[in-house]
Amino acid sequence: MLPAEVTIVLILLLIVILLCVFIVSWKLSSLIVTPNVVDPRLCYEDEMIKGKLKKEEYENKLNREDFLFPTSRGYNLSCTFIPRDESIKDSNKPDKVIILVHGYTSCKFGSVKYLDIFRSLGFHCLIYDHRNHGDSGKAPTTMGYYEAYDLEELCGWVRDRFHNNVMIGTHGESMGAATVMLHVSLFPSLSFVIEDCGYSSLTEQLTHNMKQQYHLPKFPFLYIASLLSKLRGGIFFHQVEPKNNLKAAAAVPMLFLHGEADSFVPFSMVNDVYKNKPGVKTMNTYPGAGHAESFWSAQQQYTTDVTQFLMENNII
């Protein structure tokens with residue numbers, strides 16, 4: 013039998029270890045539920061400084077409509093609708109709308125770089141801030157889970173504005189890519205989906221990030237953080253599994269894009285989601301491109317790949 017003093021020391025040591033594990037797990041869950049998002053004003057300036065947003069064109073030449081969209085969950089989404097380029101005539105097909113979905117901690121201005129591609133092909137464009145991002149209302153971030161339901165409500169707004177035979181496509185980047193993949197499995201009534209550098213599994217993504225950035229093991233931190241995420245934000249990490257959800261998306265053509273030098277969302281994940289998607293699908297990858305940099309690393313090729321995909325599937 014251990015002396016009382018030793019027993020007390022061991023108990024205190026165990027308490028300290030458990031407390032440390034809880035604190036680390038709490039902080040990990042906070043990265044998911046309440047991430048430090050970029051201020052939209054700073055996001056706008058950063059995109060402009062990097063040449064990804066042309067201020068004069070965006071503010072004065074796009075005839076954009078800024079509005080707040082009230083969701084059924086009690087918060088507003090900050091949205092901007094940009095009508096198609098009127099010089100592009102496309103009278104033989106219904107109206108086409110692309111909804112562009114930004115990534116983790118970013119905002120709708122991160123989607124502006126894609127406007128030229130789609131407007132030049134006759135698309136109206138809708139960009140917006142995720143819940144808990146940009147100027148949208150506060151609600152726990154769920155890494156695509158509830159964001160997919162927000163996206164469906166915006167699809168409803170598009171259908172109400174145009175008509176039932178409007179062609180709606182989605183394009184998502186990073187967390188936005190996970191969102192569009194989860195959305196298409198729940199609401200497979202889209203004309204097409206483009207995912208760019210989305211994670212195949214939130215659990216696998218966080219395991220990778222924990223090892224790469226913090227040198228932490230999966231057990232016990234990820235499991236406790238997942239429970240905390242459920243208590244704080246409404247989801248367990250294993251509920252965000254785009255690679256599994258895509259099995260229900262056979263009816264919708266999908267384009268999978270990924271930078272081959274992506275170290276944040278591992279390049280291998282594009283193979284996981286691609287192989288699990290039945291039906292019509294295309295994959296293009298970009299040598300040397302880091303996370304969410306495929307477009308900027310190969311603008312002409314990226315534009316060609318998107319255009320060819322849309323032509324092959326009779327969208328344009």
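Numbering (the working numbering), first residue to last: 13 to 328.
The beta-carbon is built from N, C-alpha and C at its ideal position, and this holds for glycine as well.
Bear in mind the structure is a predicted one, so any value in this text is a computation, not a measurement.
- When DSSP states are grouped into helix, strand and coil, Glu68 belongs to the helix group.
- In this model, Tyr87 and Tyr314 are separated by some 35 Å (Cα to Cα).
- Leu194 and Pro254 have their C-alpha atoms some 6 Å from each other.
- Around the beta carbon of Leu65, 16 or more other beta carbons sit within 10 angstroms, so the residue counts as buried.
- Residues Ile328 of the same chain have their beta carbon placed closer than 6 Å to that of Leu322, with the five preceding and five following residues left out of the count.
- In the DSSP assignment, Val113 falls within the beta strand (DSSP E) that extends over 108-113.
- The distance from the Cβ of Thr117 to that of Pro47 is about 5 Å, consistent with a contact at the 8 Å cut-off.
- Excluding its 5 nearest sequence neighbours in each direction, Glu164 has C-beta neighbours in its own chain below 8 Å: His195, Leu198, Phe199, listed in chain order.
- The shortest CA-to-CA distance from Leu89 to any of Lys223, Arg173, Arg143, Ile206 is the one to Arg143.
- Secondary structure note for Cys137: its beta strand (DSSP E) is the uninterrupted segment 135-140.
- By the 16-neighbour rule on beta-carbons within 10 angstroms, Ile27 is exposed.
- The distance from the Cβ of Ile206 to that of Val109 is about 14 Å, inconsistent with a contact at the 8 Å cut-off.
- Cβ contact annotation for Leu74 (same chain, cutoff 6 Å, sequence separation greater than five): Ile94, in chain order.
- When the alpha-carbon of Ala160 is set against those of Gly146, Val170, Asp147, Thr182, the nearest one is in Thr182.
- Taking the Cα positions, Leu267 is about 18 Å away from Gly302.
- For the pair Asp128 and Ile35, the Cα-to-Cα distance works out to about 45 Å.
- By the neighbour-count criterion, in which a residue is buried when 16 or more other Cβ atoms sit within 10 angstroms of its Cβ, Arg131 is buried.
- The alpha-carbon separation between Glu98 and Gly156 amounts to approximately 33 Å.
- In this structure, DSSP gives Val205 an extended state, which the three-state scheme calls strand.
- For the pair Gly271 and Glu324, the CB atoms are not nearer than the 8 Å cut-off.
- Shown here, Leu89 sits in a strand according to DSSP, grouped into three states.
- Only exposed fits Cys32, as fewer than 16 other CB atoms lie within 10 angstroms of its CB.
- A check of alpha carbon separations from Trp38 across Ser201, Ser186, Lys287, Lys242 identifies Lys242 as the nearest.
- In the structure shown, the three-state DSSP call for Tyr158 is helix.
- Per DSSP, Phe248 is not a residue of any beta strand (DSSP E), being assigned neither H nor E.
- Counting along the chain, no alpha helix (DSSP H) covers Lys105, and no H or E run does either.
- The stretch 207-219 and the stretch 276-286 touch, with no fewer than 3 CB-CB distances between them shorter than 8 Å.
- In this structure, Leu234 is the residue among Pro152, Leu234, Lys120, Lys223 with its C-alpha nearest to the C-alpha of His250.
- In the DSSP assignment, the residues bridged to Leu80 are Ser90.
- Distance between Phe248 and Ile236, taken at the CA atoms: about 10 Å.
- Boundaries of the beta strand (DSSP E) harbouring Lys293: 293-298, taken from the DSSP string.
- Per DSSP, reduced to three states, the secondary structure at Gly188 is helical.
- With respect to the 8 Å criterion, Ala262 and Pro290 are classified as neighbours on the basis of their beta carbons.
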